[in-house]
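Chemist: Structure provided below as structure tokens; questions to follow.
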Amino acid sequence: MVSREETKTLTLLCIAAAAASLIAVSACYRGRRREQRRRPAMPTGVFEEKPQNRFKRVLADNSYSPFKHYKREGKEKEISLKVHPYEEEIDFLMENPPTSMEFIVNRELSAMGDSYVWVDTEDQLQTVVSLLSKEQAFAVDTEQHSLRSFLGFTALMQISTQKEDFLLDTIALHDAMGILRPVFADPSICKVLHGADNDVLWLQRDFHIYVVNMFDTAKACEVLSRPQKSLAYLLEAYCGVSTDKRFQREDWRLRPLSPEMIQYARTDAYYLLYIADCLSSELRNENLACPDDKFNLFSEATRRSNMVCLQLYAKDIESTPGASAAASIYSRNLHIQGLTPLRTSEIKVIPNLRLPGSGF
């Protein structure tokens, strides 16, 4: 049997051990706090405010209303949400596809130099449009930002002709980018892109720019049954150039862009016309190898490319931001907690719920 003195001693030992433990934890915590104060704090964002807050006109806002597409002047009836404003022009190109890309006249492979034009004023953009309107083809690429934006937005556009390279600051020029609409919709000018399924929609979403007459190098790879069709593969195979695709995840809102980001952004558009010329030649050679085959491979590549152009951007108004996450969390706990399944309408309400006085 334990005596009163022994009980008292054990109690004091437990208290002492607990106190020592608390002192140790407290000292460790204070040490960490001192270390954190000595270390420079990592910024949560580069900008005091979101650049998109300065856009005067946002075509795709965060509301659940349907996206309104561009209404062309001279059209007697209002464009339906499901009708492409340039459907007639694209349909004509699909029914009468070109059979070659001879307008790219033996563009020689040359290493990308340091010369390019940074475009961030409306006057400069007008000059670019004037130059592009005289071209038979130009290459296009875009860089997107979606980290602090619900729908995302185009932060940079790269355009290359056979003579010049342009980097368009689409943040500074956001409200003026519609100036490019006529040249992108001109069916006599070929726009060369790679894997353009998203780019076509992003240009509609942000600027009401619609691509008409496109040659997608990824579609050419499909027609040629290439084992790979990524742009990184094509750059390596045809140009001996390697790129670091991690730059896709960079913050393209930054101004000025780092030299490495500029190099990455310029590379894709700069080499695209040369790659398109190479693929065009291969498509033509495949046809020459099978003279009895009436199927024109180049025409098929352009037909598939222009099918991409017929896509129409639409906001996902059927779902609520956070609803899918709420549904997933609820589903995981459904059987554990014995919960009753919720209807879709009830799940949509969850992300909007707030605890009284919580501030959240």
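When we follow UniProt numbering, the leftmost residue of the sequence shown carries the number 1, and every step to the right adds one.
Ideal Cβ positions, reconstructed from N, Cα and C, are used throughout, including at glycine.
Quick caveat: nothing in here was measured; it's all calculated off a predicted structure.
(1) Would you check if there are 3 or more beta carbon pairs closer than 8 Å linking the region 304–318 to the region 274–286?
(2) Residue 118 bridges to which residues according to DSSP?
(3) Going by beta-carbon coordinates alone, are residue 300 and residue 192 separated by less than 9 Å?
(4) In the DSSP assignment, find the beta strand (DSSP E) that holds residue 160 and state where it starts and stops.
(5) For residue 191, report the span of its beta strand (DSSP E) as first-last.
(6) Whole angstroms is fine: what's the gap from residue 72's alpha carbon to residue 177's?
(7) Can the beta-carbon of residue 158 be found less than 9 Å from the beta-carbon of residue 135?
(8) Sorted by chain position, which residues of the same chain lie with C-beta nearer than 8 Å to residue 131's C-beta, five sequence neighbours on each side aside?
(9) Using CA atoms only, rank isn't needed, just tell me which of 296, 89, 167 is closest to residue 262.
(10) Does DSSP put residue 208 in a helix, a strand or coil?
(11) Give me the residue from 273, 245, 271 with the minimum Cα distance to residue 260.
(12) Helix, strand or coil, according to DSSP, for residue 251 in the structure here?
(13) Are the C-beta of residue 94 and some C-beta of chain B separated by less than 9 Å?
(14) Which of the three DSSP states, helix, strand or coil, is assigned to residue 102?
(15) Secondary structure at residue 214, three-state DSSP: helix, strand or coil?
(16) Could you say which of 182, 275, 169 lies nearest to residue 208 if we only look at CA atoms?
(17) Residues in its own chain within less than 7 Å of residue 296 by CB, not counting five upstream and five downstream?
(18) With distance defined between alpha-carbon atoms, name the residue in 228, 264, 205 nearest to residue 247.
(19) When DSSP labels each residue in this structure, what does residue 174 get in the three-state scheme?
(20) In terms of alpha-carbon separation, which member of 237, 62, 226 lies closest to residue 283?
(21) Buried or exposed for residue 40, please, with buried defined as at least 16 other CB atoms from any protein chain shown within 10 angstroms of its CB.
(22) By how many angstroms is the C-alpha of residue 285 removed from the C-alpha of residue 122?
(23) What span of residues does the alpha helix (DSSP H) with residue 277 cover, start to end?
(24) Between residue 171 and residue 253, which are expected to be in contact by the criterion C-beta below 8 Å, what is the C-beta distance as a whole number of angstroms?
(25) Ends of the alpha helix (DSSP H) at residue 308?
(26) How would you label residue 143, buried or exposed, when you count the other beta carbons within 10 angstroms and need 16 or more for buried?
(27) Who are the Cβ neighbours of residue 305 in its own chain at under 6 Å, not counting the five residues just before and after it?
(28) Looking at the structure shown, is residue 87 part of a helix, part of a strand, or coil, going by DSSP?
(29) Who pairs with residue 143 in a beta bridge, going by DSSP?
(30) Quick one: Cα of residue 42 to Cα of residue 96, how far?
(31) How about residue 125 and residue 59: are their beta carbons less than 9 Å apart?
(32) To the nearest angstrom, how far is it from the Cα of residue 174 to the Cα of residue 256?
(33) Using the DSSP secondary-structure output, state which residues sit across from residue 137 in a beta bridge.
(34) Which residues in the same chain as residue 94 place their Cβ atom closer than 6 Å to its Cβ, once the five residues preceding and following it in sequence are excluded?
Modeler: Reading off the structure:
(1) Segments in contact, no.
(2) For the purposes of this step, residue 118 is identified with residue 118 of the sequence shown, where counting begins at 1. Looking at the DSSP assignment, residue 118 forms a beta bridge with 167.
(3) Mapped onto the sequence shown, residue 300 falls at position 300. Mapped onto the sequence shown, residue 192 falls at position 192. It is not a contact, given that the beta carbons lie outside the stated cut-off.
(4) Residue numbering aside, residue 160 sits at position 160 when the sequence shown is read from its first letter. Counting along the chain, the beta strand (DSSP E) containing residue 160 begins and ends at 153–160.
(5) Locating residue 191 in the sequence shown gives position 191, where the first residue counts as 1. 190–193 is the span of the beta strand (DSSP E), which, as asked, contains residue 191.
(6) Here residue 72 corresponds to residue number 72 of the sequence shown, with the count starting at 1. Here residue 177 corresponds to residue number 177 of the sequence shown, with the count starting at 1. If I take the Cα positions, the gap works out to 16 Å.
(7) In the sequence shown, counting from the first residue as 1, residue 158 sits at position 158. In the sequence shown, counting from the first residue as 1, residue 135 sits at position 135. No, the pair does not count as a contact, with Cβ atoms beyond the cut-off.
(8) Translated into the one-based positions of the sequence shown, residue 131 becomes position 131. Cβ within range, chain order: 161, 164.
(9) Stepping through the sequence shown from its first residue, residue 262 is reached at position 262. With distances taken between Cα atoms, residue 262 lies closest to 167.
(10) Here the question's residue 208 lines up with position 208 in the sequence shown. Coil at residue 208, not helix or strand.
(11) Within the sequence shown, the letter at position 260 stands for residue 260. Nearest of 273, 245, 271 to residue 260, Cα basis: 245.
(12) Translated into positions along the sequence shown, residue 251 becomes position 251. Three-state DSSP puts residue 251 in coil, outside helix and strand.
(13) Structure shown: chain B not included; a single protein chain is present.
(14) Working through the sequence shown from its first residue, we reach residue 102 at position 102. Coil, per DSSP.
(15) The residue given as residue 214 occupies position 214 in the sequence shown. DSSP places residue 214 in strand when its eight states are reduced to three.
(16) Looking up residue 208 in the sequence shown gives position 208. Just measuring C-alpha positions, the residue of 182, 275, 169 sitting nearest residue 208 is 182.
(17) On the sequence shown, residue 296 is found 296 positions in, with the first residue counted as 1. Hits under 7 Å: 99, 287.
(18) Translated into the one-based positions of the sequence shown, residue 247 becomes position 247. For the residues 228, 264, 205, the minimum Cα distance to residue 247 belongs to 264.
(19) Taking the first residue of the sequence shown as position 1, residue 174 is located at position 174. Three-state DSSP puts residue 174 in a helix.
(20) Against the sequence shown, residue 283 aligns to sequence position 283. Among 237, 62, 226, the Cα nearest to that of residue 283 belongs to 226.
(21) Here residue 40 is taken as the residue at index 40 of the sequence shown, counted from 1. Its pLDDT being 44, under 50, residue 40 is placed unreliably by the model, and nothing is read from it.
(22) Start at 1 with the first residue of the sequence shown, and residue 122 comes out as number 122. Start at 1 with the first residue of the sequence shown, and residue 285 comes out as number 285. Straight-line Cα distance between these residues: approximately 43 Å.
(23) Residue numbering aside, residue 277 sits at position 277 when the sequence shown is read from its first letter. Note, residue 277: alpha helix (DSSP H), 259–289.
(24) In the sequence shown, residue 171 corresponds to position 171, counting from 1. In the sequence shown, residue 253 corresponds to position 253, counting from 1. With a Cβ gap of about 6 Å, residue 171 and residue 253 count as contacting.
(25) Residue mapping note: residue 308 aligns to position 308 of the sequence shown, counting from 1. 297–309 is the extent of the alpha helix (DSSP H) around residue 308.
(26) The sequence position of residue 143 within the sequence shown is 143, counting from 1. By the 10 Å Cβ count, residue 143 comes out buried.
(27) As a first step, residue 305 must be located in the sequence shown, where it is residue number 305. Contacts found: 214, 215, 216, 219.
(28) One-based indexing of the sequence shown puts residue 87 at position 87. Three-state DSSP puts residue 87 in a helix.
(29) Walking along the sequence shown from the start, residue 143 turns up at place 143. 156.
(30) In the sequence shown, the residue the question calls residue 42 occupies position 42. In the sequence shown, the residue the question calls residue 96 occupies position 96. Its pLDDT being 37, under 50, residue 42 is placed unreliably by the model, and the measurement read from it follows with that caveat. Approximately 56 Å between the Cα atoms of the pair.
(31) Here residue 125 is taken as the residue at index 125 of the sequence shown, counted from 1. Here residue 59 is taken as the residue at index 59 of the sequence shown, counted from 1. The answer is no: Cβ separation not under 9 Å.
(32) The count along the sequence shown starts at 1 and reaches residue 174 at position 174. The count along the sequence shown starts at 1 and reaches residue 256 at position 256. Their backbone Cα atoms lie some 17 Å apart in a straight line.
(33) In the sequence shown, the residue the question calls residue 137 occupies position 137. Answer is 190, bridged to residue 137.
(34) As a first step, residue 94 is located in the sequence shown; it is residue number 94 there, counting from the start. Once the five neighbours on either side are set aside, the close Cβ partners of residue 94 are 303, 306.
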